[in-house]
Amino acid sequence: MDKQTLEKMATSAFDNLTTARAALFTAAEVTIMEKYLLEEQRAAATTGGVFDGKNAEIREAQAREHLQAQYLKLAHAENTERKARFDFDLASAEVDTVKTLLRIAELK
12 MDKQTLEKMA TSAFDNLTTA RAALFTAAEV TIMEKYLLEE QRAAATTGGV FDGKNAEIRE
72 AQAREHLQAQ YLKLAHAENT ERKARFDFDL ASAEVDTVKT LLRIAELK
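What follows is the structure, given as structure tokens:
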């Protein structure tokens, strides 16, 4: 493999890693915010007397039903974060591959 090809591969791999890292950070921040909003809405509903079940299981079911939209947003945010983490892992593997190819090229 020639030097120019390796340089292009390295540049591309590190660009992909930077992009994936930024996407992962953003996805994690969105997940944190969705969890915060869910807990805030849950607390407001609890103090407002929305959940009137006799035991914890019934109150949890009422919370799930009452806050269904927010739970769905949180699930979507968590899925997006998992995908971003997977993409970051792939980009990291790409960088490792390029580093290995560069080491092999140095040995020649």
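Just so you know, we're using my numbering here: the sequence shown kicks off at 12 and counts up by one.
C-beta: ideal position from N, C-alpha, C; glycine also.
Fair warning: this is a prediction, and the values are worked out from it, not measured in the lab.
- A Cβ-Cβ distance of about 6 Å is found for the pair LEU113 and LEU17, placing them in contact under the 8 Å criterion.
- Residue environment: ALA88 is assigned as buried (16 or more neighbouring CB atoms within 10 Å of its CB, all protein chains considered).
- Ranked by how close their Cα comes to the Cα of LEU101, the residues TYR82, THR57, LEU35 have LEU35 in first place.
- Membership of ASP98 in the alpha helix (DSSP H) is indicated by the continuous run 79 to 118.
- Judged by DSSP in its simplified three-state form, VAL41 adopts helix.
- Secondary structure of ASN27 (DSSP, three-state): helix.
- In the structure shown, the three-state DSSP call for MET20 is helix.
- Put simply, the backbone Cα of ILE43 is about 10 Å away from that of LEU49.
- Non-local C-beta neighbours of GLN73 in its own chain, meaning closer than 6 Å and more than five positions away in sequence, comprise PHE62, GLY64, ordered along the chain.
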